[in-house]
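I have placed the structure first, in the form of structure tokens, so that the comments after it can refer back to it.
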Amino acid sequence: MIKNEDTITAIATPNGTGAIAIIRISGDKSFENADKIFTGRIKICEAKTHTIHYGKILGKDKELIDDVMISVFIAPHSYTGEDSVEISAHGNPFVAKKIIELLVENGVRLAEPGEFTKRAFLNGKLDLSQAEAVVDVINSSADAALRGARNQLDGLLSKKVTELRTLLVNTSSLVELELDFAEEDIEFVDRKELISRIEKIISEISLLLKSYEFGKIIRDGVNVALVGKPNVGKSSLLNYLLKESRAIVSEIPGTTRDIIREEVTIGGILFRLFDTAGIRPSDDAIEKEGITRSKEAIKNSDLVIFLNDVENGVSQGMYNQLCELTEPKKIITVLNKVDLSKNPGIGADVYISAKTGYGINNLLEELKEKSFGDSTYSEKSAIVSNVRHFDCLRKAKENLLKAKQSAEQSLSGEFVSVDLRNAESVLGEIIGEVTSEDILNNIFSKFCIGK
Amino acid sequence: MKEYDVIVIGGGHAGVEAACIAAKMGCSVALTTMDKNAMGRMSCNPAIGGTAKGHLVHEIDALGGVMGQISDRTGIQFRMLNKSKGPAVWSSRCQSDRELYSKEALRVVESHANIEIVNASVNGVLAENGKVKGVTTSEGKEILSKAVVLSSGTFLNGLMYTGLKSVSGGRYGEPPARGITESLIELGFESGRLKTGTPPRLRKSSIDWSVLEVQPGDIDPKPFSLRTDKSQFPFLPQMNCHITYTSPQVHDILRKGFDNSPLFTGVIKGVGPRYCPSIEDKIVRFSERTQHQLFLEPEGLDSDLIYVNGFSTSLPADIQLEAINSIKGLEKAEMVRPGYAVEYDFFPPHQVDLTLETKLIQGLYFAGQINGTSGYEEAAAQGLIAGINAALKVKNEGELVLKRSESYIGVLIDDLVTKSTEEPYRMFTSRAEHRLLLRQDNCDRRLLKYGHKIGAIPDEMYAEFERKEKLILDGIAFCNNKKFHARDINPFFESKGQPGIDSTETISKLCKRPEMTLKELLEAVKDDSNEIIKEILSNQLVLEQIEIELKYEGYIKRQYEAVERTDRYENTNIPLSFNYLSLKPLSTEGREKLNKVKPRSIGQASRISGVTPSDISILLVYLKN
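These protein sequences, in sequence, are chains A and B. Number 130 in my numbering belongs to position 130 of the first sequence; there are no gaps in the numbering. Take any residue in the second sequence, note its place counting from 1, add 1000, and you have its number in my numbering.
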């Protein structure tokens, strides 16, 4: 039996230094244990649910560990469905670790990976697809990713898949009718109608499959390589974008020959900008190494900003070189420094001035547009962002294609039915209809500790 | 006082199978019936088989049951349904001579030396400390036994309706069985009420046959039983059925009787089958239809009765006759007996285990309509399984539970136990998720081993089967390896107007061409000295098996893969003692249902309605820990 009685704890925020660190405690003895280390105006045991309390965490010798805020959640109104508290401490890893140690000394157990979610799941707080979406909430690094993941929490994908499954069940019924009631005086659906119904479901699934690309973008972000000859204004553009963006997530400086990576969030999408060293041939050993890395970065990028300036125009030679490394449709050709000339020239997709900010909005729009390709998804659509869901849908589509093939070959209904039913069951797996231990194990092991 | 091994209550289709199989397995059996001449009586239509039901009869036969043989000897029209479709849905059906069927059933029962037919009306089940002891009869006698199979059909507090008039009885002219329901309720069982119906019977000589559409039997009829001597089959002269239709005028007449319909006025509380509605139900539910098809089926070779299939009704008799006389060909038809509805007690089948033993009383088995099924074949299948398990229990030799992936019988019982039923349950091929594997043609390959193991299939028959099985497997291997060269086979294809091959191709591959038969291909090898080809060609059944396996290989393989996937859950057992009530994380409904059904495996648990996927995940997590 599961040791559901014991109380568990873990740091709920990402590793490293942040503004705050949250320590979560869940289980029957959460309040009792919180009181053992916390001193405030009232006891946590006596606090009402969904209240927040200021106080101090004191060590064994009553020494001050940190000033904290404690949020109280009384079962079943918590994430796990059990009594739980969340301690918001200062974002110093050593402080958070010290608090955890104190709790463990008092008999609270360190949570296993995914254990909070497992409990939430066992207490009926989440269904399977919701539990999986939690992985994405935890891992998402930008706002849109959060919205996409929350969408799933609200069951948008479940709803869509349930709809498709109903359509499929309806279609199967028509096939079954012909098999079990052949003696009856009723009209059976003709093959053309059957095929067109199957095709309709295939096309709906194809749309969902396509949304996976979009889902990936909002979950993983977009890698953009910034390429151009020296002095075309790469740094100014980068600086401008950083100034415009809401947050600098990281900065990894290196030697002048290294690639500089910046992360910016534009319109809710995370862009990872790689400032490349250039790709022109060189004999210099260090520069050669830099060039190799740049080429690698371009190959691995989702998009390339190819920056030129009005003084020299668009470099056709460099463009051709780029085309050898990546697809032309991934390249955004930009002409910078339009403030310097009344006649900006031709051949670029976007005209900007990194100095005045002219045209930057167009560039951002272009970045977003190119990222999403021709997809028409909004964050309100059902989006597939989870690789298991993608896989199930892909299998369902394969099954349906087989069913369609059987129907086209005029095979008897029971053969069409085999694949229709397989499709039904893989769709069922998305909404948890046919869950398997493997799925569960996989889900729970994917969670970071204690999330 | 004598103690029998097994008492079987009721001599219907379930009772006959239960008694015969238990006797074959060496048990002493008392078969109680109110009238031994009603043995195996067909209460409703004079036919055996049909879609999925034909499969059941074949399976019963492979396990050592008697229904197939009785049907073969008394059939007066044999048809293979769904012949235009694939082999998995081919279903045998026959019209039977009602009187001869009963006589043959009695003869078969009497041929078992250790079955004693006891003429009695049982009115109670005796149990002590949760174990069955025997039964009591209306004459106040006790009959003792180690096991009891209760297969009382529609007789438990049976009430027959024609119009608003009702008569007590389980079947036309036969009294109901009283006391059993009450005795079971006292033991703690929960009962329910179901309804079924039967159409009027007409006098054969009063029908104008000349204007009716004829429905003949197959030219090349196939028997149900593996044991039937094909040289003598069919045993009886063959007859035709006829088809006619209702009309708007007929519907108008029937509507006049709605005010006196026990169905529409709410007098009948029991739930009827949706797949076999009464004619009045059809008119109301499908009001857009201007006609309904009716089959006129002969009740026997010498019988002057005609069964009007499709016209089941409980409307007043005068309305029935007026409507009948407005139907083409039936203008002057004489109604010998009106249709009626019968309402009877059943015991929702979640109360039995997969062996059909009740969960409440050890040694007590339920089979047939008492478990909420409808149909002779469904009843017989349960009677057989209940009889086998009762005998195994008496002999202390374990149990027989068939899997969903190996038989329709497995599907039937699992459905009943796991999902219970609120309407009379009948089998359909679509209930079987592994349908392509559960064919009539491979019943012996699926089930004969069980029949042999329990001693119901003789050794020599089984040895013959094993020889056949070896030939099938060798034959498949041969076809997978034997290659044709383009230069040898292309002229043959050309002569058939078919595309040739490029270099070489196996027989297996070529057999997948829809227009190719295995026979043609084997003959095209043109090797008279090849023993295996000769053997295959000389055995029609082997040829058919190999051809099906090769032609549908891709589909069959996928079904096997699906079985493998589900087998993991089917094989994850849940202890009977598992305490669901203390498992708080389960949904409330899931917890209650699981506690009620007490599934044997995760697979079974997952099929219980109201048990959610997260309930299953929770069970998995708990079972693992």
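Where is the CB? At the ideal position from N, CA and C, for every residue including glycine. Keep in mind the model is a prediction, meaning the values are calculated, not measured.
- With the criterion set as a beta carbon lying under 7 Å from some beta carbon of chain A, the stretch 1275 to 1290 of chain B has no members that meet it.
- Scanning the stretch 272 to 355 of chain A from its first residue to its last, the whole beta strand (DSSP E) runs of 3-plus residues come out as 303 to 309, 331 to 336.
- Scanning A/70, A/126, A/97 for the CA closest to the CA of residue 84 of chain A turns up A/70.
- Apart from the 5 residues on each side of it in sequence, residue 1132 of chain B sits with its Cβ closer than 6 Å to the Cβ of 1148, 1361, 1363, 1364 in its chain, given in chain order.
- Closer than 7 Å to the CB of residue 1428 of chain B there is at least one CB belonging to chain A.
- As a beta-bridge residue in DSSP terms, residue 1298 of chain B pairs with B/1306.
- At a cut-off of 7 Å between C-beta atoms, residue 176 of chain A counts as an interface residue with respect to chain B.
- Taking a cut-off of 8 Å for Cβ pairs, the stretch 232 to 242 of chain A and the stretch 190 to 202 of chain A do not touch, as fewer than three such pairs fall below it.
- Taking C-beta separations shorter than 7 Å and ignoring five residues to either side along the sequence, the partners of residue 67 of chain A in its chain run 56, following chain order.
- Residue 69 of chain A is bridged by DSSP to A/54, A/88.
- From the listed residues B/1331, B/1321, B/1547, B/1006, the smallest Cα separation to residue 1515 of chain B is found for B/1547.
- A/393 is the residue among A/401, A/393, A/420 whose C-alpha sits nearest the C-alpha of residue 431 of chain A.
- Only 1085, 1086, 1088, 1089 from the stretch 1083 to 1111 of chain B bring a Cβ to less than 7 Å from some Cβ of chain A.
- The residue from A/102, A/82, A/296 with its alpha-carbon nearest to that of residue 116 of chain A is A/82.
- Against chain A, a Cβ distance below 9 Å from residue 1559 of chain B picks out 418.
- The alpha-carbon separation between residue 1509 of chain B and residue 1550 of chain B amounts to approximately 8 Å.
- If you draw a straight line from the Cα of residue 404 of chain A to the Cα of residue 299 of chain A, it is about 39 Å long.
- At the C-beta level, residue 1280 of chain B and residue 1254 of chain B come within 7 Å of one another.
- For the options B/1244, B/1071, B/1164, B/1581, the alpha carbon positioned closest to that of residue 1236 of chain B is the one of B/1071.
- Looking only at B/1284, B/1573, B/1264, the smallest Cα-Cα distance to residue 1314 of chain B is reached by B/1264.
- By the C-beta density criterion, residue 1113 of chain B is exposed, having fewer than 16 other C-beta atoms within 10 angstroms.
- For residue 1507 of chain B, the CB contacts under 6 Å within the same chain, skipping 5 residues up- and downstream, are 1479, 1482, 1521 in chain order.
- Residue 398 of chain A and residue 1517 of chain B have their alpha carbons spaced roughly 29 Å apart.
- Secondary structure note for residue 224 of chain A: its beta strand (DSSP E) is the uninterrupted segment 222 to 228.
- Within the stretch 49 to 82 of chain A, not one residue has a Cβ closer than 7 Å to any Cβ of chain B.
- Neighbours of residue 190 of chain A in chain B, taken as residues whose beta carbon is under 7 Å from its own, are absent, since the nearest beta carbon is some 15 Å off.
- Straight-line measurement puts the Cα of residue 156 of chain A at about 35 Å from the Cα of residue 1579 of chain B.
- Identification of chain B residues near residue 415 of chain A by a Cβ-Cβ cut-off of 7 Å yields 1086, 1555, ordered along the chain.
- The continuous stretches of beta strand (DSSP E) do not include residue 188 of chain A, and DSSP gives it neither H nor E.
- In terms of Cβ geometry, residue 180 of chain A and residue 1429 of chain B form a close pair [threshold 7 Å].
- Under the Cβ criterion of 7 Å, residue 412 of chain A is counted among the residues facing chain B.
- At a cut-off of 3 residues, the continuous stretches assigned as beta strand (DSSP E) that sit fully inside the stretch 1499 to 1535 of chain B are 1504 to 1506.
- Taking 7 Å as the threshold, the shortest C-beta distance from residue 1243 of chain B to chain A does not fall below it.
- Nearest neighbour of residue 1269 of chain B by Cα position, chosen from B/1377, B/1092, B/1160, B/1102, turns out to be B/1160.
- For residue 1080 of chain B, the secondary structure class from DSSP, reduced to helix, strand or coil, is strand.
- Taking CB atoms only, residue 1574 of chain B has no neighbour in chain A less than 7 Å away.
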